[in-house]
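Contents: one structure, followed by commentary.
Protein chains: 2
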Amino acid sequence: MPLRGPLKSAARGKRCSLKVAGFRASAVSAGIKKKGALDMALILSDVPATVAGLFTTNVLKAAPVLLDMERAAGGTASGIIINSGNANACTGSKGMRDASATAALAEKVLGLKKGTMLVASTGVIGLPLPMDKIKAAIPRLASALDERGFCDLSEAILTTDAFTKTVLVKKKIDGVMVSILGVAKGAGMINPDMATMLAFFMTDAALTKAPLRSALKVACRTSFNSIMVDNDTSTNDTVLIMANGRCGVALKRGTEQYREFCSLLDEAARRLGKMIVKDGEGASRFIEILVTGAATDNEAHQAARTIAGSYLVKTAFFGADPNWGRVAAALGRAGVKMSESSLDISFNGVVVAAGGLDTGAEREAARVMKRKNVLLQVDLNMGSGSATFWTTDMTYDYVKINSAYRT
Amino acid sequence: MPLRGPLKSAARGKRCSLKVAGFRASAVSAGIKKKGALDMALILSDVPATVAGLFTTNVLKAAPVLLDMERAAGGTASGIIINSGNANACTGSKGMRDASATAALAEKVLGLKKGTMLVASTGVIGLPLPMDKIKAAIPRLASALDERGFCDLSEAILTTDAFTKTVLVKKKIDGVMVSILGVAKGAGMINPDMATMLAFFMTDAALTKAPLRSALKVACRTSFNSIMVDNDTSTNDTVLIMANGRCGVALKRGTEQYREFCSLLDEAARRLGKMIVKDGEGASRFIEILVTGAATDNEAHQAARTIAGSYLVKTAFFGADPNWGRVAAALGRAGVKMSESSLDISFNGVVVAAGGLDTGAEREAARVMKRKNVLLQVDLNMGSGSATFWTTDMTYDYVKINSAYRT
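Chains as they are written, first to last, in this note's numbering: chain A, 910 to 1316; chain B, 910 to 1316.
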């Protein structure tokens, strides 16, 4: 019973309700993926937007990541051109030339200033981009731009994903409705510090570079940096936010309005983060790990992350086995302050270990672990640090998807 | 096609050829495991032996580990009493009392001085030891002691293992034949810094405490600390060596004879380490990872270990997919000095990436990756550091074994 069914798409074309003022999008099939699937997409702001980005911590960064890091540092961008099916990673100097050429052609076709387009790629590592297909697709992307194009875009950026991941949040700030639209992809190679994921946020609020970057960084901490499917860190992880100011609200750091915007962005990012985990490759259960009583919040995060990364914990979740010893063993190598005799562990509210000792509740715990959603609570009883982390179980399907990805 | 077949045992009883002067062993079924399997074992040296041990780095250490750490520090021991089926880990103060009581009863029955027996346990975490069964078994273990008992012992210490793991190496040192007998168990929770493994070495050479400990530490580095099945570190990992001096050769640090002994112990440990990986839970392939050209040997070890711990690399090996991008992505998060443009990768001698670029040898590489043994060579071209690491692929059977372990 995998969580993932056949590909579910958002409503397409005119029925698409994902709109934010001053942004348009489009998607086409360029022939990079097989079978005519959508594989290229374009986002355009009608006016130059403030931009901020967060990128993979992997030393091997894909060409589009290197290009975007440089361009996002400038603080302004007009749009993003995206392809799926090929990551343009480990492609050397040709990869850098291809990323630049893709941006340059989009800028030319759209009549934009040079250096204002960002680029994102996701898919197989190590193969050169099929530039002939990409070049042929760009004019078609430009002419298909539409304010209702984000549903198509949300499908075009997927790789092994089983469903599209979108969020639209709105809030009245200073009497004016502010919108944040988020679109993401990701299902494997999901690890904190960004994984094989792309996420794009578009908002009609007005922010300058530094507060926009700060808001994005904070939002990522409790969303994309608190999820794990496997332990791998991708070469392509990119989160971008564009703010075009079209709704007329200008947000300055330190104000109540800015804080409201930040919490709206937190919510959007958390919702997308959870969707990525629910789409985790082969997942049959969604696991929320709540660690409390750690010495610090950072230690709680580290403890939760270590549990989430344990193959043995994840296979036990698949088998609905309340094997709390595996959780304890993972905590013991997490590098956090802990003591066996003060460790409490529960699964969906059923306490299986108290003060480091088995409570004899195995049968009851096994029953509640059969649910699709399992809450694993760990209290270290060392301090007041806490953290939440989301992960999946480890299943036959995970192995199947990843052993047969290219073959 | 798993590497593991049905349980293979060494020749039992009188046909057992695993002998080393002055050591006897025995094994019985105490009823801890199901179906009357052997689950308790005893090793005894006829004279008090010099002892050295290495133990899990997990903060949560099982009761027998805590007991042995204290006793091995003393430098002398007469024997080891071992149970499988229950790890006596996360069992609190009762666990400590049970470990001490097990040792004490063995000492009494064998007429030994108090504090001279070591204890080892492996199996499920979090459940109390069935002390009634253990107490009843100890007199039977004592009366079954035999110089040909190590074959039975090698079976009694197993948990999820599919075959027994033994090694007997001999070498003439100073004109006298020195023997080292090694027995190990381990198949899952295998990670450097010791995993769910037990290994016991018995030698008839004479060494004092410090050089014995030093020889053991070096031997573990290129054996038990260079293998990985999964990322988990057990609470019970224990490697012990006992030297009883019965062959008459005394080995002093700094001598040629001592170096010969060390290299003999290295060989014994490496052979057991490889057996543990070949018995890796669910493994269908044995992977040797050779990293060269690292800035230092430590960085090479770290790089190899990171590759070995990647779910995505391990599933690709299962699928015989020469997806070198996953290897590169793992290297990129390994925290070692590297550069994309100087990275060379090959599978069983077929170069798939040279200077960080794909060589187009995918089809040929896929063919040679279908073998049971795959050599992954990575040259970072940064320096002269190198390391070898052994691991398994990640298969359906790994998930099956670990999701259904207790149910």
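The beta carbon of each residue, even a glycine, is placed where N, CA and C say it ideally should be. Bear in mind that the values here come from a model prediction, so they are computed numbers and not experimental data.
Legend entry - Amino acids of chain A, ordered along the chain, whose beta-carbon sits closer than 7 Å to that of B:Asp1267: Gly1035 and Leu1036
Inset, instruction - Alpha carbon to alpha carbon, how far is B:Leu927 from B:Val1076? Give it in angstroms, no decimals. - result: 8 Å
Legend entry - the segment 959-971 of chain B in contact with the segment 993-1011 of chain B per 3-pair CB rule at 8 Å: yes
Inset, instruction - Establish whether the CB of A:Thr1301 and some CB of chain B are separated by less than 8 Å. - result: no
Inset, instruction - Pair every Cβ in the segment 1043-1052 of chain B with every Cβ in the segment 1122-1131 of chain B, then say whether three or more of these pairs are closer than 8 Å. - result: no
Inset, instruction - Would you list the one or two residues that DSSP bridges to A:Ile952? - result: A:Ala934 and A:Ile989
Inset, instruction - With a threshold of 16 other CB atoms inside 10 Å of the CB of B:Glu1190, please say whether the residue is buried or exposed. - result: buried
Inset, instruction - Please report how far the alpha carbon of B:His1210 lies from the alpha carbon of B:Asn1134, in whole angstroms. - result: 10 Å
Legend entry - Alpha carbon of A:Asn1207 to alpha carbon of B:Phe1072, nearest angstrom: 42 Å
Inset, instruction - Indicate the three-state DSSP secondary structure (helix, strand or coil) for B:Pro1120 in the structure shown. - result: helix
Legend entry - Residue-level contact to chain C via CB, A:Ala972, 8 Å cutoff: The structure shown contains no chain C; its protein chains are A and B.
Inset, instruction - With B:Ser1009 as the anchor, note down where its alpha helix (DSSP H) starts and where it stops. - result: Gly1001 to Leu1019
Legend entry - Rounded distance between the beta-carbons of B:Val1092 and B:Phe1059, thought under 8 Å: 6 Å
Legend entry - Rounded separation between A:Val1200 and B:Ala1243 - CA only: 27 Å
Inset, instruction - Assign A:Ser1002 to buried or exposed, taking buried as 16 or more other Cβ atoms, counted over all protein chains shown, within 10 Å of its Cβ. - result: exposed
Legend entry - For B:Leu1090, the nearest candidate out of B:Ala1178, B:Leu976, B:Met1026 and B:Ala1238 (CA to CA): B:Ala1178
Inset, instruction - Mind checking which residues open and close the beta strand (DSSP E) that includes A:Gly1202? - result: Phe1195 to Ala1203
Inset, instruction - Say whether chain B places a C-beta atom closer than 8 Å to the C-beta of A:Ala1104. - result: Residue placement at A:Ala1104 cannot be trusted, given a pLDDT of 34 that sits under 50; what the coordinates show is reported in the next sentence. Not one chain B Cβ lies under 8 Å of A:Ala1104.
Inset, instruction - Have a look at the DSSP bridge pairing and note the partners of A:Lys1074. - result: A:Ala1093
Legend entry - For A:Thr1268, the nearest candidate out of A:Asn1282, A:Thr1297, A:Gly1234 and A:Leu1240 (CA to CA): A:Gly1234
Inset, instruction - Report all residues from its chain with a CB closer than 7 Å to the CB of A:Gly1157; omit the five preceding and five following residues, and keep chain order. - result: Val1085
Inset, instruction - Could you confirm whether any beta carbon from chain B is found closer than 8 Å to the beta carbon of A:Arg1276? - result: no
Legend entry - From A:Gly1292, A:Lys1309, A:Leu1284 and A:Asp1306, residue whose alpha carbon lies closest to that of A:Phe1298: A:Leu1284
Inset, instruction - For B:Thr1205, go through chain A and note every residue whose CB falls closer than 9 Å to its CB, in chain order. - result: Residues of chain A passing the Cβ test: none, with the nearest at roughly 17 Å.
Legend entry - Sequence-distant residues of the same chain with beta carbon closer than 7 Å to A:Gly1202, five excluded per side: Asp1288, Leu1289, Asn1290, Met1291 and Gly1292
Inset, instruction - For B:Asn967, go through chain A and note every residue whose CB falls closer than 7 Å to its CB, in chain order. - result: Ala1238, Gly1241 and Arg1242
Legend entry - Cα-Cα separation between A:Gly1163 and B:Lys1187, rounded to whole angstroms: 59 Å
Inset, instruction - Compare the C-alpha of A:Gly940 against each of A:Asp1230, A:Leu975, A:Leu1038 and A:Glu979 and name the closest. - result: A:Leu1038
Inset, instruction - Evaluate B:Gly962 with the Cβ neighbour count: other Cβ atoms within 10 Å of its Cβ, from every protein chain shown; 16 or more gives buried, anything less gives exposed. - result: buried
Legend entry - Contact set for B:Lys1118: own chain, Cβ-Cβ below 7 Å, skip 5 residues either direction: Thr959, Ala961 and Gly984
Legend entry - Opening and closing residue of the beta strand (DSSP E) in which B:Thr1112 lies: Leu1107 to Thr1112
Legend entry - Closer than 9 Å at the beta carbon, the chain A residues around B:Met1005: Near B:Met1005 there are no residues of chain A at all, since even the closest Cβ is about 11 Å away, more than 9 Å.
Legend entry - N- and C-terminal bounds of the alpha helix (DSSP H) containing B:Val1308: Tyr1305 to Ser1312
Inset, instruction - Quick one: which residues of the segment 1212-1234 of chain B get their C-beta closer than 7 Å to a C-beta of chain A? List them in chain order. - result: Gly1218, Ser1219, Tyr1220, Leu1221, Thr1224, Ala1225, Phe1227, Gly1228, Asp1230, Asn1232, Trp1233 and Gly1234
Inset, instruction - Pull up the DSSP beta-bridge partners for A:Gln1286, would you. - result: A:Leu1199 and A:Ser1255
Legend entry - Same chain, Cβ closer than 6 Å to A:Arg1006, neighbours up to 5 away in sequence not counted: none
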